[in-house]
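Colleague: Each protein sequence line maps, in turn, to chains A and B. In terms of this note's numbering, the first sequence opens at residue 10 and continues consecutively. In terms of this note's numbering, the second sequence opens at residue 770 and continues consecutively.
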Amino acid sequence: MTDVLNSASPVSNTEFETLHYRVTDRSVAIVTIDVPGRNVNVLTPELHRELGDVVTVLAADESVIGIVLCSGKKGFIAGGDLMRIVRYYEMNRSPAEAYEQSRPFSRALRRLETCGKPVAVAINGSALGGGLEMALACHYRVVADDEEIKLGLPEITLGLIPGAGGTQRLPRLIGLEKAVSMILDGTMISPDEALKLGMIDSVSDSGGLLNVAENWVLDQGMSSQPWDRKGFRIPGGSKLNDMNIGRLFQIQTAKIGAQYRHNYPAPLAALRCLFNGSTVNSIDQGLRIESREFSALTRGAVARNIIRSLFINKRARKFRKDAADKSLVDACKRVYDEEGQRMLAQGLPPSLIRNAAWASGMDDAPAGLAEAQNSLKPMNIDFDFETLQQRLLAIQSLAAAELWATEELDPVVADLSTLLGWGYPSYTGGVLSYVDTMGLASFVAMCDRFADEHGEHFRPSDILSARADKNESIYAHEG
Amino acid sequence: MRDAYIYDHVRTPRGKGRADGSLHSVSPVNLLAQVLESLRDRNELDTSMVEDVIAGCGSPIGEQGSAIGRSAVLAADYAETVPGQQIHRYCSSGLEAVNLAAAKISSGQSELVVACGVESMSRIPIGSSGGAWSSDPELAHKIHFVPQGISADLIATIHGFGRNDLDQYAVASQQRATKAWSDGRFHRSVTPVHDEIGSILLEKDEAIRPQTDMESLGKLPPVFAGLGELGFDRQAILKYPQLESIEHMHTAGNSSAIVDGAGAALIGSAEIGEALGIKPRARIRSCASVGTDPTLMLTGPAPSARIALDKARMGRSDIELFELNEAFASVVLLFMDELDIPHEQINVNGGAIAMGHPIGATGVMLLGIALDELERQGLGTALVNLCVGAGMGTATIIERQ
């Protein structure tokens, strides 16, 4: 089935590595994306750059009347390069640097949609994340008629947001309400559903994809996006002078507050992009807003933690829930439940302890709170809510760190076991990533402080303290 | 600083704030113009002496937008030299108009100012003007925004008010408002609203339900439980984590009614009163607005009352009559607890639970109701205040002349 695409061998040989193009006898340039050395197309910095360059070349070529983008692989585009996100975090870039590094793909796609020639995309496989963003920047989208194909912007599940126009183009295409739900939920949909939503223009059998795309270039050939035309309005409205829009953002803000408990920056960043980006009257401004938000997320620990543990390490180890280290999970559960009981003994109401566990992101509250009664006047109790949350997580991480300190515990196994086999919250990256994110020395210092304030069970062992003093870290860092 | 005086007050009756409400066919500018006309006519006012018309409005958008104070000046045929403006402090906009007018007088920058307010909630629904507070995700998330009804339920939960407490308070509001009307206590200040051909559209508060009792109120479902489930409850719990949950107890029956209406007060210096030959009815002793936790939102009345008392060098016991907007029953019950106010001393003629809360107008209406009651009972001092959106409170202390 890839024969058709592979037969698009370059007539015009070019200096490009990640893509090549030929011009058909009907003067349409077929640009085939084919990242070398990979089974699937991944959005690399080279592809970002070359996409921008090929658009420049084709826009200037008078013999070309339009462009069709397609994939030279069995799938379309798998998304971004996740290792790069982890490396970016460890590079400790300045905000300005991170912003600049978040721009090239976004700029390339903007150049694509404003190149002055009609651009169609033939989508032969799943288009997720950056792959769909590329498609959204085209003037016409046709997708192979295959229920296995998924289209979506699942970046939120990585602790990220779409960073190449997804938060700007999708609402301009299908309206804020549907776009908010697709982006916040990371929903992946079939070609038929995408057609109904208005996210794509056509579904075709996979053999005829390129023809449909080329025919559109020749027959319709619209070379501008709706949002670049005069008088454009976002379907279904935007801006707060529309009460429905106000209500949408009020409710979605409450929803993510309750769902993510203020621990994950990405859902709020996505909402800000959708809100601010749909309020500005220029998509260029919207794209800059999105790049700023995206770059900030790549500097934060949460995306790194989620990606490193739940994507890179989980895949590398082929880790499954049933492979969880049971003794570690039991140890975590034991100290967690005990900490809950200690809080009770300190006179804290069970409702407060339950809410602290919930707010910390834990799936379950410590055991043994149900029997306890709320004291009569919970409002008169003095407490620091953040400290309570930290205690409930730190006591588990301390147990794991002690095991690690005596070389008994692999951090990757510890993290994946506590994320997948126990309800330790994913934004931390796992029980030892929690320590790693804070830095071992800071973690030990925090535990010492908790030991002074809340009991010796928080006192780190000499071995752990010694390793902290030597400034060791749990995960190797590339620096 | 010199004193500012209240010379007069008028208000429209409050019409049900929906399409079949008696005032729905009247535009907000017309509603406001009718109270300005009434204020002028009953005082035989030379309007060219008025130096500003400050209009409170809760949803200043569309036909209520763009300085409706000035629009009403032109609609009411005041002298064209009279400027007008619009101010917004959510539910206390109308009282804030009074306080700003008083500040203009006290500072000596003005002699005579009309403070007024208007809201046609049937035509411009509450929330129409948007706002970053509630709808900008960044801010709403940061401050744990919840709708006011959730805040009211949160207050009830924290302070242990039960559904019975709220409903009992609401029944009393209905009974008091009913009695106040039948005793003619509002007649002096309520001016009927007329239509285009001069017929009276409404001359009495329309939302009152005299038959309300505990049984009928008990059947009403809590209004805000559904919203709470969408995520607002958990947003509030993150800020008040001692609570197991929020008990949703406010219903359409123990919350303020949605209505249309307008009110106005004539505020001036002692000198202008002498010059115009009109007698001051009360002196404004002090004014205050204050911010409080935006999630709990509706706890501003007591702090604003205390600030106003301090500014007037008065104590709680110096106040003989209280008028606090009945936005929600829990707000009033909390205020009574905090300032140790017996029910007999507060909202003695009922309030917004019975008669309604036309957002931008309520503050100035409450001021007039308190003033009329001081005169009726021969009392000296009253404290008027309101809880306010986004976590604020506004208070004014007046003393009968």
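Don't be surprised by glycine CBs; every beta carbon is placed ideally from N, CA and C.
(1) Between the stretch 277-297 of chain A and the stretch 247-258 of chain A, can you find at least three pairs of beta-carbon atoms closer than 8 Å?
(2) Which residues in chain B have a C-beta closer than 8 Å to the C-beta of H271 of chain A? List them in chain order.
(3) Could you check which residue in A:N364, A:E347, A:P434 has the C-alpha nearest to that of G464 of chain A?
(4) Could you tell me whether the Cβ atoms of A477 of chain A and A454 of chain A are closer together than 9 Å?
(5) Could you round the C-beta distance between F1097 of chain B and S1024 of chain B to whole angstroms and report it? I think they count as a contact, below 8 Å.
(6) Going by C-alpha distance, which of B:K785, B:G1119, B:D846 is nearest D810 of chain B?
(7) Is H963 of chain B helix, strand or coil by DSSP?
(8) Distance, Cα to Cα, L1175 of chain B vs Q1011 of chain B?
(9) Please give me, in chain order, every unbroken run of the alpha helix (DSSP H) with length at least 4 that falls completely inside the stretch 311-394 of chain A.
(10) Check A1033 of chain B in the structure and name its three-state DSSP category.
(11) Are the CB atoms of R780 of chain B and M1161 of chain B within a distance shorter than 9 Å?
(12) Restricting to runs no shorter than 4 residues, where is the alpha helix (DSSP H) found entirely within the stretch 173-231 of chain A?
(13) Go through its chain and collect everything with a Cβ distance to S791 of chain B's Cβ below 6 Å, but skip five positions before and after it.
(14) Count the other CB atoms, across all protein chains shown, that sit within 10 Å of the CB of M92 of chain A; report buried if there are 16 or more and exposed otherwise.
(15) In the structure shown, what three-state DSSP assignment does F467 of chain A receive?
(16) Buried or exposed: N290 of chain A, going by 16 or more other Cβ atoms within 10 Å of its Cβ?
(17) Should M197 of chain A be flagged as near chain B, meaning a C-beta pair shorter than 9 Å?
(18) Under the assumption that A1051 of chain B contacts L1140 of chain B (Cβ atoms under 8 Å), give the Cβ distance between them as a whole number of angstroms.
(19) Considering only DSSP beta bridges, list what A131 of chain A is partnered with.
(20) Closer than 9 Å, CB to CB, is D1002 of chain B near chain A or not?
(21) Taking the C-alpha atoms as reference points, what is the distance between R313 of chain A and N480 of chain A?
(22) Using CA atoms only, rank isn't needed, just tell me which of B:L1155, B:M1124, B:A1077 is closest to F1104 of chain B.
(23) How would you call A848 of chain B, buried or exposed, if buried means at least 16 neighbouring beta carbons within 10 angstroms?
(24) Using beta-carbon positions only, say whether A1159 of chain B and R945 of chain B come within less than 9 Å of one another.
(25) In chain A, what lies closer than 9 Å to D905 of chain B by C-beta?
(26) Using a Cβ-Cβ distance cut-off of 9 Å, determine whether A305 of chain A contacts chain B.
(27) Residues of chain B with CB closer than 7 Å to the CB of A368 of chain A, please, in chain order.
(28) Over the uninterrupted alpha helix (DSSP H) stretch that includes V422 of chain A, give me the two end residues.
(29) Could you list which residues in chain B have their beta carbon closer than 7 Å to that of N364 of chain A, in chain order?
(30) Who are the near neighbours of T176 of chain A in its chain, counting only those whose CB is closer than 7 Å to its CB and skipping five residues on each side?
(31) Mind checking if L145 of chain A is an interface residue toward chain B, Cβ cutoff 9 Å exclusive?
(32) Under three-state DSSP, which class holds Q937 of chain B?
(33) Just checking my contact of I1041 of chain B with E1168 of chain B at CB under 8 Å: how many whole Å lie between their CB atoms?
(34) Is the CB of F914 of chain B under 9 Å away from at least one CB in chain A?
(35) Mind listing which residues of the stretch 977-1001 of chain B have their C-beta closer than 7 Å to chain A's C-betas, in chain order?
(36) State buried or exposed for K330 of chain A, treating a residue as buried only when at least 16 other CB atoms are found within 10 Å of its CB.
Modeller: Taking the definition as stated:
(1) A contact exists between the stretch 247-258 of chain A and the stretch 277-297 of chain A.
(2) H910, L1007
(3) Cα-wise, what sits closest to G464 of chain A is A:E347.
(4) yes
(5) About 5 Å separates the beta carbons of F1097 of chain B and S1024 of chain B, which is inside the 8 Å limit, making them a contact pair.
(6) B:D846
(7) Residue state, collapsed to three classes: strand.
(8) Shown here, chain B extends from 770 to 1170; a query on residue 1175 of chain B therefore has no answer.
(9) 323-326, 335-354, 359-369
(10) In this structure, A1033 of chain B counts as strand in the three-state DSSP scheme.
(11) no
(12) 175-183, 185-194, 200-206, 218-228
(13) These residues qualify, in order along the chain: G784, L970, L971, E975.
(14) exposed
(15) Looking at F467 of chain A - three-state DSSP - the assignment turns out to be helix.
(16) exposed
(17) No, M197 of chain A lies away from the interface with chain B (no Cβ there is under 9 Å from its Cβ).
(18) 5 Å
(19) A:V151
(20) Yes, its Cβ sits closer than 9 Å to a Cβ of chain A.
(21) Distance between R313 of chain A and N480 of chain A, taken at the CA atoms: about 21 Å.
(22) B:L1155
(23) exposed
(24) It is not a contact, given that the beta carbons lie outside the stated cut-off.
(25) L249, F258, T262, R281, F284, N285
(26) no
(27) What A368 of chain A touches in chain B: L1007, P1010.
(28) 420-429 is the span of the alpha helix (DSSP H), which, as asked, contains V422 of chain A.
(29) I1006, P1010
(30) Same-chain partners within the cutoff: I170, I192, A279, C282, L283, G286, E299.
(31) no
(32) Three-state DSSP puts Q937 of chain B in a helix.
(33) Not confirmed; about 19 Å, so no contact.
(34) yes
(35) Under the 7 Å Cβ criterion, the stretch 977-1001 of chain B contributes L999, G1000, F1001.
(36) Counting C-beta atoms within 10 angstroms of its own C-beta, K330 of chain A has fewer than 16 neighbours from the protein chains shown and is therefore classed as exposed.
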